[in-house]
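Colleague: Just so we're aligned: 75 in this note's numbering is position 21 of the sequence shown, and the numbers increase by one with no gaps anywhere.
C-beta atoms are modelled at their ideal positions from N, C-alpha and C, and glycine is treated no differently.
Questions regarding the structure given below will be posed in turn.
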Amino acid sequence: MSNAIGVVMTEHIVAGRMENHRLVGEVVRYPSDSNEVDALMGVPGGALLEILANHITELAGSSEKQVEAIGVAVPGVVRHGVVEDAPNLTQIKGMRMADELAGVLMGRGVKAPVHIANDADAIAAGVAAKFGQLDRLTRVWTIGNGIGYGRWPYVEGVWEGGHITVTLDPKERYCGCGGVGHLEGIMGYRAMRLRFLDREPEEIFAHAKEGDARCREFVDLWHRALAAGTASFIHLAGPGRFYFTGHNVGFVDVPLLRAHLETMVKMSPLQSFSLEVLPNDDETALLGAGVSALRALTW
Ligand SMILES: [Zn+2]
């Protein structure tokens with residue numbers, strides 16, 4: 055039987071204990087008030103590690119069984135336990151998180167290897183685990199303030215799919231990273247607010263449904279951009295399952311996305327792809343963080 059602890063740190067922190075790739079017991083959350091957003095923004099990196107260690111120690115103490123692995127999912131570019139970049143949680147940029155957190159935990163008597171994963175990769179791992187398809191390629195787009203791309207099984211690389219170039223129009227410069235023509239520059243929440251200074255993204259999608267020409271045109275562009283990003287990954291790694299989730303997944307219109315994708319993917323061996331929207335929840339990423347940590351033990 056495998057025992058692991060999974061943690062997700064995005065705008066908030068959630069942590070849970072897992073047995074045999076399933077969550078057991080209560081999930082703990084920081085801040086406990088789910089209405090409080092941006093609670094982690096001003097917290098220094100060292101203090102974040104303390105908060106993580108508190109939750110992990112509490113969960114480890116809730117069972118007699120030895121914890122084999124601890125997985126932490128964070129938004130950013132993660133390699134070998136180091137957070138190389140984290141545009142939405144800047145205080146952890148450059149942190150040797152796996153080593154530093156393992157050190158803090160050691161001081162509290164919790165001895166288990168710590169594995170750090172990108173949050174979108176963790177969601178892909180969680181989806182694969184949930185559907186019993188850990189042996190298959192699973193890809194996930196996370197649609198939130200930024201656009202994340204995750205894949206399972208993990209392979210070495212950067213995989214910043216949200217920054218894939220989907221247009222050559224030099225006026226497309228709303229991406230948070232500063233790059234021109236990026237997917238996130240069209241689809242990201244912040245990017246949409248910059249483009250439409252007079253209305254919120256929710257209003258853009260609502261007005262499009264009511265027939266507003268400018269909003270309809272943009273909603274179509276938004277779906278074409280997502281189709282273009284997805285088509286690029288189909289042309290690189292093949293067809294298969296694509297899942298869509300995240301805070302703003304409600305904006306996705308699957309039939310419209312599919313219609314655009316079908317204009318972009320014409321080689322018959324590549325047309326067997328599936329598109330599925332998943333509800334946005336913390337548990338999937340949490341599960342995936344734990345599963346990734348257990349899998350990392352065998353590398
Ligand atoms: Zn970008």
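So, for Asp153: in the same chain, excluding its five sequence neighbours on each side, which residues have a beta-carbon less than 7 Å away from its beta-carbon?
Modeller: Only Gly135 meet the Cβ criterion.
Colleague: By alpha-carbon positions, which one of Ser346, Thr219, Phe305 and Asp87 ends up nearest to Asn199?
Modeller: Of the listed residues, the one whose Cα sits closest to Asn199 is Phe305.
Colleague: Count the other CB atoms within 10 Å of the CB of His289; is the residue buried (16 or more) or exposed (fewer)?
Modeller: The residue in question, His289, is exposed, as its Cβ has fewer than 16 Cβ neighbours within 10 Å.
Colleague: Is Thr111 helix, strand or coil when you go by DSSP?
Modeller: Three-state DSSP puts Thr111 in a helix.
Colleague: Quick one: is the Cβ of Gly233 within less than 7 Å of any heavy atom of ligand 2?
Modeller: Ligand 2 is absent from the structure shown, which contains only ligand 1.
Colleague: Going by the DSSP bridge assignment, what does Thr192 pair with across the sheet?
Modeller: Thr192 pairs with Trp206 and Arg295.
Colleague: What is the C-beta distance between Leu329 and Val303, in whole angstroms, given that I count them as a contact (C-beta under 8 Å)?
Modeller: The Cβ separation is near 12 Å, so there is no contact.
Colleague: Tell me whether Ala123 sits in a helix, a strand or coil according to DSSP, three-state version.
Modeller: Looking at Ala123 - three-state DSSP - the assignment turns out to be strand.
Colleague: Going by the beta-carbon positions, is the gap between Val158 and His109 smaller than 8 Å?
Modeller: Contact: no.
Colleague: Could you give the uninterrupted runs of the alpha helix (DSSP H) lying entirely in the segment 296-327, keeping only those of 4 residues or more?
Modeller: 308-318, all fully within the segment 296-327.
Colleague: Does the segment 200-210 come close enough to the segment 172-191 that 3 or more CB-CB pairs lie under 8 Å?
Modeller: Touching, per the Cβ criterion.
Colleague: Please tell me whether Ala262 and Cys269 are closer than 8 Å, where the distance is taken between their beta carbons.
Modeller: Yes.
Colleague: Could you give the distance in angstroms between the alpha-carbon of Arg249 and the alpha-carbon of Tyr228?
Modeller: Approximately 7 Å, taken between the alpha carbons.
Colleague: I want to check one thing, is the minimum distance from the CB of Glu397 to the heavy atoms of ligand 1 below 7 Å?
Modeller: Nothing about residue 397 can be reported from this structure: the residues present for the chain run from 55 to 353 only.
Colleague: Should the segment 84-96 be called in touch with the segment 158-175, which here means at least 3 C-beta pairs below 8 Å?
Modeller: Touching, no.
Colleague: On the CB-based measure, 16 or more other CB atoms within 10 Å of its CB, does Met149 come out buried or exposed?
Modeller: By the 10 Å Cβ count, Met149 comes out buried.
Colleague: Suppose you measure from the CA of Tyr84 to the CA of Ile177; what does that come to, to the nearest Å?
Modeller: Near 19 Å, if we compare the C-alpha coordinates of Ile177 and Tyr84.
Colleague: Is there at least one non-hydrogen atom of ligand 1 closer than 7 Å to the beta-carbon of Val239?
Modeller: Per the sequence presented here, residue 239 reads as Gly, with Val not at that position. Yes, since a heavy atom of ligand 1 falls inside the 7 Å radius drawn around the Cβ of Gly239.
Colleague: Got a sec? Which residues, its chain only, sit under 6 Å from Thr357 by beta carbon, not counting five neighbours each side?
Modeller: Outside the displayed span of the chain (55 to 353) sits residue 357, for which this structure offers no information.
Colleague: Are the CB atoms of Gly70 and Leu113 within a distance shorter than 8 Å?
Modeller: Yes, the pair counts as a contact, with Cβ atoms nearer than the cut-off.
Colleague: On a Cα-Cα basis, can you pick out the residue from Trp195, His217, Leu275 and Glu226 that is closest to Arg295?
Modeller: Among Trp195, His217, Leu275 and Glu226, the Cα nearest to that of Arg295 is on Trp195.
Colleague: Just to check my reading of the structure: Leu188 and Gly216 have Cβ atoms closer than 8 Å, yes? What is that Cβ distance to the nearest angstrom?
Modeller: Wrong, their Cβ atoms sit about 24 Å apart, outside the cutoff.
Colleague: Distance check for Arg253 and Ala350, CA to CA, integer angstroms please.
Modeller: So the alpha carbons of these two residues sit roughly 45 Å apart.
Colleague: Would you list the residues sitting across from Asn57 in a DSSP beta bridge?
Modeller: Glu73.
Colleague: Run the CB neighbour count on Asp336, radius 10 Å, all protein chains shown included, and call it buried at 16 or more, exposed below.
Modeller: By the 10 Å Cβ count, Asp336 comes out buried.
Colleague: So, are the CB atoms of Glu122 and Leu348 less than 8 Å apart?
Modeller: Cβ atoms of Glu122 and Leu348: closer than 8 Å.
Colleague: Cα-Cα, which of Leu315, Tyr297 and Val212 is closest to Ala285?
Modeller: The option with the nearest alpha carbon to Ala285 is Leu315.
Colleague: Return the bridge partner residues of Met63 from the DSSP annotation.
Modeller: Bridge partners of Met63: Ile67.
Colleague: For His75, is the beta carbon positioned less than 7 Å from some heavy atom of ligand 1?
Modeller: Because no heavy atom of ligand 1 lies under 7 Å away, the Cβ of His75 does not count as near it: no.
Colleague: Any heavy atom of ligand 1 closer than 7 Å to the Cβ of His314?
Modeller: No.
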